[in-house]
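Protein chains: 4
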Amino acid sequence: MADTPFVEEVELHGHIIDSLLLPKVLDVILTRGGSYVLKDIKIGQRGSDPTHARIEVRAQSADQLQEILGIIHDHGAIPVHVADCETVPADMDGAFPEGFYCTSNFKTQVRLGGVWVDVRDQEMDCGVVVDLAAKSARCVPMADACTGERVVVGLRGVRVFPEASQRRTDLFEFMASPVSSEKPKGATVREIAAAMRRTRESGEKILAVLGPAVVHTGGSEWVGRLIRHGYLNVLFAGNALATHDMEQALYGTSLGVSLDRGLPAEEGHEHHLRTINTIRRHGSIAAAVSRGKLGSGIMYECVKAGVPFVLAGSIRDDGPLPEVITDVLQAQREMRRHLPGVGFCLMVATTLHSIAVGNLLPAWVKVACVDINPATVTKLMDRGSVQTIGIVSDAEPFLRSLVNELQLN
Amino acid sequence: MADTPFVEEVELHGHIIDSLLLPKVLDVILTRGGSYVLKDIKIGQRGSDPTHARIEVRAQSADQLQEILGIIHDHGAIPVHVADCETVPADMDGAFPEGFYCTSNFKTQVRLGGVWVDVRDQEMDCGVVVDLAAKSARCVPMADACTGERVVVGLRGVRVFPEASQRRTDLFEFMASPVSSEKPKGATVREIAAAMRRTRESGEKILAVLGPAVVHTGGSEWVGRLIRHGYLNVLFAGNALATHDMEQALYGTSLGVSLDRGLPAEEGHEHHLRTINTIRRHGSIAAAVSRGKLGSGIMYECVKAGVPFVLAGSIRDDGPLPEVITDVLQAQREMRRHLPGVGFCLMVATTLHSIAVGNLLPAWVKVACVDINPATVTKLMDRGSVQTIGIVSDAEPFLRSLVNELQLN
Amino acid sequence: MADTPFVEEVELHGHIIDSLLLPKVLDVILTRGGSYVLKDIKIGQRGSDPTHARIEVRAQSADQLQEILGIIHDHGAIPVHVADCETVPADMDGAFPEGFYCTSNFKTQVRLGGVWVDVRDQEMDCGVVVDLAAKSARCVPMADACTGERVVVGLRGVRVFPEASQRRTDLFEFMASPVSSEKPKGATVREIAAAMRRTRESGEKILAVLGPAVVHTGGSEWVGRLIRHGYLNVLFAGNALATHDMEQALYGTSLGVSLDRGLPAEEGHEHHLRTINTIRRHGSIAAAVSRGKLGSGIMYECVKAGVPFVLAGSIRDDGPLPEVITDVLQAQREMRRHLPGVGFCLMVATTLHSIAVGNLLPAWVKVACVDINPATVTKLMDRGSVQTIGIVSDAEPFLRSLVNELQLN
Amino acid sequence: MADTPFVEEVELHGHIIDSLLLPKVLDVILTRGGSYVLKDIKIGQRGSDPTHARIEVRAQSADQLQEILGIIHDHGAIPVHVADCETVPADMDGAFPEGFYCTSNFKTQVRLGGVWVDVRDQEMDCGVVVDLAAKSARCVPMADACTGERVVVGLRGVRVFPEASQRRTDLFEFMASPVSSEKPKGATVREIAAAMRRTRESGEKILAVLGPAVVHTGGSEWVGRLIRHGYLNVLFAGNALATHDMEQALYGTSLGVSLDRGLPAEEGHEHHLRTINTIRRHGSIAAAVSRGKLGSGIMYECVKAGVPFVLAGSIRDDGPLPEVITDVLQAQREMRRHLPGVGFCLMVATTLHSIAVGNLLPAWVKVACVDINPATVTKLMDRGSVQTIGIVSDAEPFLRSLVNELQLN
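Protein chains in written order, with this note's numbering: chain A, 10 to 418; chain B, 10 to 418; chain C, 10 to 418; chain D, 10 to 418.
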């Protein structure tokens, strides 16, 4: 091992000690079988000072070195010897060239003609397509790759700015880590309300991703208030949320359960299906509203307030409703279309849609994910959404408290 | 099998069809390998009429017949040919004679000198000790059996009145069956509030069994209001609930987490321990209140309002607090002492204590069990507590809604 | 209420007492505010005898009566006065006429020209389209309704045969009800193995619905053996299962976690994406197999054994793989195409796909649903799949035991 | 704030960067409202080199400074200016003086007469009692404090060696962090088997903490093999595990469920109670074994192999069995008595006992905690047991795989 020639020098910059980036990088090197020499380190003497480190990474094979460099790259470690990024033209539609650079959800730059250029439409698990003439770059999902587009391959000339390399300044991020039902709910609700107020004040949009339990537990009224008061500007959901909501408006039940009496209406699923059929007969939710058939609920409020909604299809859907986008790639594209300008995302009681939207959001959009099942919250955070705060709580009571905290009457 | 001589005739009476008792009895007979002949059945023509059935149970062996009779006995099926119950004197302390009759939590009678006598102190998993002279009978836990006491053995002369043999008249029982987080919470809270009001009006006591998440999630304030307004008359809890509650009063944290800021106080467990130490130094919670050391929280409100509390010990306890009863049998006895007069029991966020108390309660005391973990709720209901309504929800928001519904300001 | 004129007589036939159908029907009538008179009841004297009941249902309004009749109809209660079913021509594509009869997953018949005709393609939440000339009827999903087709409306001339009206003869159904992790696993595995053997011997197909945790936990090897030995004849899954499986074949990791070493490969998601890209570049999974790129795993075994698979898309999919059907309605149709002949369905570690497939299956196809999360199992069973046996267990160890029980080496 | 005089210099030594100790310490200082100056830092250039850091901690009040110092002390940060520890004589039995030093589960030393002395019986949440004459120190639980004993107060002269300050060298610790059911089970089982083998080879004891689901799921056979082959040397459990185990031996059921047939024996709880009564009549489990009444199962194997067991009581216990220690403090003492020499602890399917034992174990005893409920595993790890590896899996299949991996036939 003495004369290992598989060596590369990398740099790390920022709040890399208290943000745990440096420790993570060193840990990756060691647990992958490599070793390191800290060539130079300038530690910020005070909390506000950034730290700069230069690390020589050593490995026992070229493959091992590449594996290590690939992982630590996502933590912000970039080779000292910079060069322009390498691109290869896509040789077919719908797939990238082998070796394509695979994106994270962190802010990313690529080096083009000696200049670092921001990658637009940042999204994890995409490729980066560059326009050499325009000196621009953007994230492109695999399915949307087109023959001839120049796709970035390898790590050279790509740098990533993990969120964690900025100082943790507010409570929000601090609460992000542990998922537990045994937490003070009042403080959590206050934090989320504050984040929503800040988002609104800054002119950014609040996106809600809602599952059917919002309606089952009786939370429609509270969502309606969020919409009417401008605290919900885009809605992503599925066929189930919309149908249960409109079933409640039309029949007073949600999946057949009466919200007033709590009594299970055993024929429940029939109401569900008749609701879908009725809306299909009207042609659209908006038509049902304009003709006076639908007069309350979340979907009604969206139509009235002009809040755009994307209803994405799933294989367990009945019907579905006319607005449901049954092609999942098309649904992803439609969701992406609404993301620019979103500053905060509230996810309540949905696993599938939460994870789908989590995949689309850049890391700098704050997310609050509320679910009574800790597994949902954990799953989302495991996906690499460091910006997510997880709250294990019940949908209706949570929304009630949130509306109360925001003083929406 | 043609000439099976292992036969016994049993009777069932009450709302045995819509309460599912008759179907259950027939099902048990068949699945245990027996067979039946319905000798006589008079079905109530209307919903309010009781049904009477006489069933010949047939088995292929004496053991099988006894097994079947033992199970259906708990569903209210009693032999047609009645006789006095059989008793055997206990031959040692702390154990029953072999073959002792094992109690359920349903109203039970034993036949003494030709007369059916109510069994007192009804509790599941006990023996029945009779006083032949006084013609009385009572449930006795195994550990409390005394040499010479006459203990009922076998099923003869014992009859059980399952709750289900009475008509289901209100929503409460109706909601008892399915455990789900996806239910309208408003209706549930209204039902529980109504049951609590009825209990108070009827002069019965409301028992609360609380776990530490009540404090963690920020629910102390709401429990305090229940106490001050007379909606909580006895408290069962453990060392943890009481300590977290007093830690909040003394330090503003619960297991080190600040309820106001939500910020984890990492030294958290230290506050916890110092709280216990302080109370131990005072000698009792009441002493800490009277000396002005403790001025808020659940335990303070209990002391102020004269609400009795039983703190039962567990092997994971730190300290524990002076009032904690470290011997579990002694703790069970102390809890039993407070049960007479209890008409409603509210269990929030505790598995161990909920199951322990569920074991002690007769089936006619209504129980509402609130937990964010469906497993806790299911476990309690599996234990045979048909009178339990399970609510999968979050402690603080639930209590807040309950206090709101009861209009306790 | 004395002179309520809202009355209808219904009949119930079969093992309606021990199967709980009669009690359920009476319960529905009462809890919906109606009342009943049992006009006639002939109870089977022995376990094997069917019972016949004639019930006069009384309500206080026409609506209430219709509501009650609608619910009890699904439990097999049919009006005494029979008539042909009523049909109305569909007035548009993709929606039914108002008042359409909404199907259950039980065997159903409609009366055409005085004759009871079986409804084909039985599936819940569909409409029934009849061909009056051919005297035939079939279930049609809402989205597939065509203008002019005659659709059954109302309950007249429709009868349902709930599974429960047949005797419970084997353990399988008996275990169906309670969902718990605290059950003897050996007995459960034996039961499932026996059901799979019976299915194979009867010439029916075994359908598997698998989620990605099958691969994560290391279960691919066991699924491979099921395929090779003919115990898995159709596979339904999503993009994730197939990708993780092929990632393991190509990189030795599953979502970046090495199955051998258990070490998280932090770049994990990259392997995932590169796997999809590689297969997309090959054009299909089969092409990757035939060119020798893919040489092991579940998908490889399917291709080799000619086991058909349906990969249904979802909005959280990366890529997706070329075979993934991105339109969810199309995916449902493709799944339906494979259902005829399926006699047993094994669902492991997937919520979305399990519920989707549960919706498509008729009630007489036995289903075993294995998941480590009790909520998944409960959800499926709540959807009305009485034929489902739920097992709360871990994917890999369960599959290992199953393969062992089936002695597949 | 410019001239803040609340300053203290602390030192940190070891693998404090890749073990995350330094980042944690800096983070605590900042989030508690303090600030820091890194006076000196010598970073290990290579992975094997330790790092040494000297940090000036600044706060805005004496209280804040003490709070910060208290927290970072548990992460190994000790004041530069050392002095002997301060002690105060206990002024009463069963409680410590105010300000007592509260222990962690990490190796700890106190300075007595200028010399650093190891604290014996390391256990979290205790006080430290010193014998000045003998220059010795030991952890003492609060309830066991005696008047006159010298108790350490404050942080001076106390230093802590967090486990994390040693390099992470094996997979075991690496897997410790994330709790998920979606992990390769084979690798996990191999790791645990290897740790058990190492423990046995080093002459240390293996402690098992088992809950009743071990028996319910059918795992007794596998536990028996561990005992017979010397892989289980001490058993901690409760009344339930022992009763279910012996119920299986006596009746072939566990809580009334037949392990062979899976059929619920509805009278189940009766078997449970009769088992307890029988053992109480024999006087002890050992007596039941020696008289031939008990001939199989976990408790039988323990008696035969001379494996000591501690059965700790809880308030939900029926009976309990004669060996159950009903006083929880006494039970804790008895468990402590068996801890010396324990090198590995396997916890399966028990929340209460796992947490209780986790509280008693020093941080250097490796723990594997297996439960099907992720909440149990998370709870244990939240309690500060960094040495715990959590496995979300099913009891019986896990134990079967473990026994298989250890090749115990």
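For glycine and all other residues, C-beta sits at the position ideal for the given N, C-alpha and C.
Asked	Found
I'd like to know if the segment 58 to 78 of chain B and the segment 123 to 137 of chain B are in contact, where contact means that at least 3 CB-CB pairs between them fall below 8 Å.	no
If we require 3 or more residues per run, which beta strand (DSSP E) segments fall completely within the segment 291 to 340 of chain A?	318 to 321
Please return the same chain residues whose Cβ sits closer than 7 Å to the Cβ of Leu320(C), not counting the five positions on each side in sequence.	Ala246, Gly247, Asn248, Ala251, Leu330, Glu332, Val333 and Ile334
Taking 8 Å as the threshold (beta carbon to beta carbon), is Val162(B) in contact with chain D?	no
Counting only runs that start and end within the segment 31 to 97 of chain D, where is the beta strand (DSSP E) found for 3 or more residues in a row?	44 to 51 and 60 to 68
Where do the ends of the alpha helix (DSSP H) carrying Leu241(A) lie?	Counting along the chain, Leu241(A) falls outside any alpha helix (DSSP H), and DSSP gives it neither H nor E.
Is Ala314(C) closer than 8 Å to Ile201(C) when the C-beta atoms are compared?	no
Since Pro193(C) and Leu30(C) should fall inside the 8 Å C-beta cutoff, what is the C-beta to C-beta distance between them, to a whole number of angstroms?	Contact flag wrong, Cβ pair sits at about 30 Å.
Would you kindly report the start and end of the unbroken alpha helix (DSSP H) that includes Thr197(B)?	Lys194 to Glu210
Skipping 5 residues on each side, what residues in its chain have a beta carbon closer than 8 Å to that of Glu18(D)?	Lys48, Arg63, Ile64, Glu65, Val66, Pro88, Val89 and His90
Out of Gly136(A), Tyr45(A), Ile80(A) and Gly233(A), which one is the CA nearest neighbour of Leu417(A)?	Gly233(A)
In terms of residue numbering, what span does the beta strand (DSSP E) encompassing Gly23(A) cover?	Phe15 to Gly23
Are there 16 or more other CB atoms within 10 angstroms of the CB of Val243(D), so buried, or fewer, so exposed?	buried
Can you check DSSP and say which residues form a bridge with Thr117(C)?	Val169(C)
Cβ atoms of Leu361(B) and Ile364(D): under 8 Å apart, would you say?	no
Spell out the partners DSSP gives Arg147(B) in its beta bridges.	Arg129(B) and Val138(B)
In chain order, what residues of the same chain have a beta carbon less than 7 Å from the beta carbon of Gly220(B), not counting five sequence neighbours either side?	Leu250, Val357, Ala358, Thr359 and His362
Apart from the five residues just before and just after Met255(C), which ones in its own chain have a Cβ nearer than 7 Å to its Cβ?	Thr284, Ile288, Leu303, Gly306 and Met308
Within the 8 Å Cβ cut-off, does Asn418(D) reach chain B?	no
What is the residue span of the beta strand (DSSP E) that Ala222(D) lies within?	Per DSSP, Ala222(D) belongs to no beta strand (DSSP E); it is in the alpha helix (DSSP H), Ala222 to His225.
Whose C-beta lies closer than 7 Å to the C-beta of Val169(D) among residues of the same chain, with five residues either side of it excluded?	His82, Asp83, Gly85, Ser113, Phe115 and Thr117
Which residues of chain C have a Cβ atom closer than 9 Å to the Cβ of Pro383(B), listed in chain order?	Pro383, Ala384 and Thr387
Any beta carbon of chain C sitting closer than 8 Å to that of Thr335(A)?	yes
My guess is that Phe407(A) and Lys375(A) are in contact by the Cβ rule of under 8 Å, so how many angstroms apart are they, rounded?	Rounded, the Cβ-Cβ distance is 17 Å, inconsistent with contact.
Please report how far the alpha carbon of Gln396(B) lies from the alpha carbon of Leu389(B), in whole angstroms.	10 Å
Only counting the same chain, and skipping five residues up and downstream in sequence, which positions put a Cβ closer than 7 Å to that of Glu310(A)?	Gly233, Ile236 and Arg237
Do we get a CB-CB distance below 8 Å when we pair Pro317(D) with the residues of chain A?	no
Which whole-angstrom value describes the C-beta separation of Gly42(A) and Gly227(B), a residue pair presumed to lie in contact below a C-beta threshold of 8 Å?	Not quite, the Cβ-Cβ distance comes to about 48 Å (not below 8 Å), so this is no contact.
Please check if any C-beta of chain D sits within less than 8 Å of the C-beta of Ser70(C).	no
Just to check my reading of the structure: Val161(B) and Val139(B) have Cβ atoms closer than 8 Å, yes? What is that Cβ distance to the nearest angstrom?	6 Å
Going by the beta-carbon positions, is the gap between Ile381(B) and Val366(B) smaller than 8 Å?	no
Which residue marks the beginning of the alpha helix (DSSP H) containing Gly367(C), and which one marks its end?	Leu361 to Leu369
Go through its chain and collect everything with a Cβ distance to Tyr45(D)'s Cβ below 8 Å, but skip five positions before and after it.	Leu35, Ile38, Leu39, Ile64, Glu65, Val66 and Arg67
Per DSSP, which residues does Leu355(D) bridge with? Please list them.	Ala217(D) and Ala377(D)
Does Ser323(C) come within less than 8 Å of chain D when only Cβ atoms are used?	no
Could you have a look at Thr397(C) and say whether DSSP puts it in helix, strand or coil?	strand
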